[in-house]
Amino acid sequence: MLLFFWLCVGKQQIIITILLKIKIKPCILWCYRNNEDLNFVKSYEPQNKNITQLRILLHGPFGAGKSSFINSVDSVLQGRITGRALTDYISYKIERGNEGYYSFIFTDIMGFEQNASRGIHIEDVKLALRGHVAEGYKFVPNSPMTQDSGSYQASPSLDDRVHVLVSVIPAGRVNLLSDSVVKKMREASVSKGIPQVAILTKVDEACPTVNNNIENIYKSKYLKQQVDRLSVILGLPSNCIYLVKNYGTENSPNDDINAPILSALRQIISYGEDFVLIEK
Ligand SMILES: Nc1nc2c(ncn2[C@@H]2O[C@H](COP(=O)(O)OP(=O)(O)OP(=O)(O)O)[C@@H](O)[C@H]2O)c(=O)[nH]1
Ligand SMILES: [Mg+2]
57 MLLFFWLCVG KQQIIITILL KIKIKPCILW CYRNNEDLNF VKSYEPQNKN ITQLRILLHG
117 PFGAGKSSFI NSVDSVLQGR ITGRALTDYI SYKIERGNEG YYSFIFTDIM GFEQNASRGI
177 HIEDVKLALR GHVAEGYKFV PNSPMTQDSG SYQASPSLDD RVHVLVSVIP AGRVNLLSDS
237 VVKKMREASV SKGIPQVAIL TKVDEACPTV NNNIENIYKS KYLKQQVDRL SVILGLPSNC
297 IYLVKNYGTE NSPNDDINAP ILSALRQIIS YGEDFVLIEK
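Residue numbers (the numbering used here): 57 to 336.
In structure tokens:
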């Protein structure tokens with residue numbers, strides 16, 4: 057009752073601090089944070105009227121969990137496990153019940169690989185970030201798109217451009233990123249001042265205690281080390297790196313898995329919104 061009263065009168069920060077101090081079960085906090093994050097995400101509309109939606113580009117190594125993250129966001133927002141095959145350079149919208157779609161879209165590209173014959177070319181990523189790549193284009197490893205390509209958009213609008221770049225990396229593979237992949241990731245991130253966020257996926261596979269109980273996600277020393285390590289490698293502040301377990305074999309969404317996904321999504325949207333506010 058007391059908790060409800062305080063939440064109603066808007067003393068959120070104070071109540072969170074008190075709950076943390078008395079070591080209240082994380083699931084109660086998460087449930088509360090989930091609602092806040094969910095409301096933020098659900099009500100998001102870009103303030104810059106030159107864009108209809110925020111464009112989020114995910115990239116990362118093969119099998120890193122990019123498509124699973126998009127499906128996980130879909131599952132959280134639909135309230136049921138969803139799954140779609142995600143391929144090519146196509147934007148994925150998320151349905152907002154009967155009211156159309158949410159105001160953010162995801163695009164998913166193949167990752168940088170040490171072996172240039174497999175991964176996407178850095179120039180293709182730069183073109184995609186600037187909005188030059190048309191929907192449906194199939195990237196060719198080691199052969200960047202040219203201006204002669206039918207899929208090259210010569211004059212992209214702000215709507216076509218990418219507003220947030222998300223690097224998706226499995227938590228257990230941070231130490232395995234090669235120098236050449238890191239170099240390309242850093243090069244992509246400085247492109248046109250686009251904000252960058254990283255998501256460390258597969259936290260359940262990387263850490264047995266988290267596998268036993270997802271509530272341990274922020275207590276795991278190993279995962280904290282991976283965040284710090286990636287922060288140094290990418291030159292990205294550690295508060296821009298999020299730990300996530302994607303939905304896989306679960307039958308229905310639950311608060312413990314939703315919380316890190318929503319928290320990451322909220323920040324991704326906030327960084328993107330900050331960026332589009334100052335862009336013309
Ligand atoms: N245990 C676990 N498995 C995951 C997680 N995220 C993704 N996976 C699994 O990892 C595999 C690859 O995931 P995808 O989402 O297809 O990865 P991707 O980055 O889209 O892969 P490509 O499109 O091939 O580059 C799938 O079998 C997923 O079920 C996670 O957080 N935990
Ligand atoms: Mg994929």
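Ideal Cβ placement from N, Cα and C applies to all residues, glycine included. Remember, predicted model here, so these are calculated numbers, not experimental data.
- The shortest CA-to-CA distance from A262 to any of N154, Y278 and V220 is the one to Y278.
- The three-state secondary structure of F160, taken from DSSP, is strand.
- Relative to the Cα of G304, the nearest Cα in the group I137, I146 and F96 belongs to I137.
- When only Cα atoms are considered, S211 and D312 end up about 43 Å apart.
- By the neighbour-count criterion, in which 16 or more other beta carbons inside 10 Å mark a residue as buried, Q203 falls on the exposed side.
- Closest option to T257, judged by alpha-carbon separation, among G119, R174 and D93: G119.
- Between ligand 1 and V224, a heavy atom-to-CB distance of less than 7 Å is present.
- By the Cβ rule, the segment 165-182 counts as touching the segment 235-249, because three or more pairs are nearer than 8 Å.
- Pairing R111 with S319 gives a Cβ-Cβ distance that is not under 8 Å.
- Judged by DSSP in its simplified three-state form, P251 adopts coil rather than helix or strand.
- Rounded to the nearest angstrom, the gap between the Cα atoms of E101 and L185 is 21 Å.
- DSSP places E151 in the uninterrupted beta strand (DSSP E) bounded by S147 to E151.
- V253 is positioned such that its CB atom lies closer than 8 Å to that of Y327.
- Shown here for G135: same chain residues with a beta carbon closer than 7 Å to its own, the five before and five after excluded, namely P309 in chain order.
- Here DSSP, grouped into helix, strand and coil, assigns P316 to helix.
- Annotated three-state conformation of S213 is coil, per DSSP.
- According to the DSSP secondary-structure assignment, L299 is paired through a beta bridge with L256.
- It is roughly 26 Å from the alpha-carbon of Y298 to the alpha-carbon of I107.
- Residue burial annotation: K275 is exposed, with fewer than 16 other C-beta atoms found within 10 angstroms of its C-beta.
- Separation of the CB atoms of V222 and L113 is rounded to 7 Å, and the pair is thereby assigned contact status at 8 Å.
- Approximately 7 Å separates the beta-carbon atoms of V220 and I250; this is inside 8 Å, confirming the contact.
- Beta bridge pairing from DSSP links P117 with no other residue.
- DSSP places I289 inside the alpha helix (DSSP H), whose first and last residues are K277 to L290.
- In this structure, V129 lies away from I146, with their beta-carbon atoms at least 8 Å apart.
- The beta carbon of Y157 sits closer than 8 Å to the beta carbons of Q109, K149, I150 and E151 from its chain, once the five residues preceding and following it are set aside; these are given in chain order.
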